[in-house]
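Numbering (the working numbering), first residue to last: 676 to 755.
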């Protein structure tokens, strides 16, 4: 799939028909790219504010009864 950019028009080779080209206005492509960028940005914000804390809560519930196998008491004493 190739594309050629012209004066406000992008020509894209259609893969469904051999040798066919479709002219798409550059505004449509730019609008689509901006919509995709907007959706990705929104997802990142929602993930940071809601998704990540919920994931941490879920992991915490799954590892609730986990206990250390060894006693990690310090071997050094401090005299005052």
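Ideal Cβ placement from N, Cα and C applies to all residues, glycine included.
Three-state secondary structure assigned by DSSP to residue i
i: residue 684; result: strand
i: residue 719; result: helix
i: residue 739; result: coil
Limits of the beta strand (DSSP E) - the one that residue i falls within
i: residue 747; result: Neither: residue 747 is in no beta strand (DSSP E) and is coded neither H nor E.
i: residue 753; result: Segment: none, residue 753 is in no beta strand (DSSP E) and carries neither H nor E.
For residue i, the residue or residues it bridges with in DSSP
i: residue 728; result: Looking at the DSSP assignment, residue 728 forms no beta bridge with any residue, so it has no partner.
i: residue 698; result: 686
Inter-residue CB distance, residue i and residue j (contact presumed, cutoff 8 Å)
i: residue 701; j: residue 686; result: Rounded, the Cβ-Cβ distance is 11 Å, inconsistent with contact.
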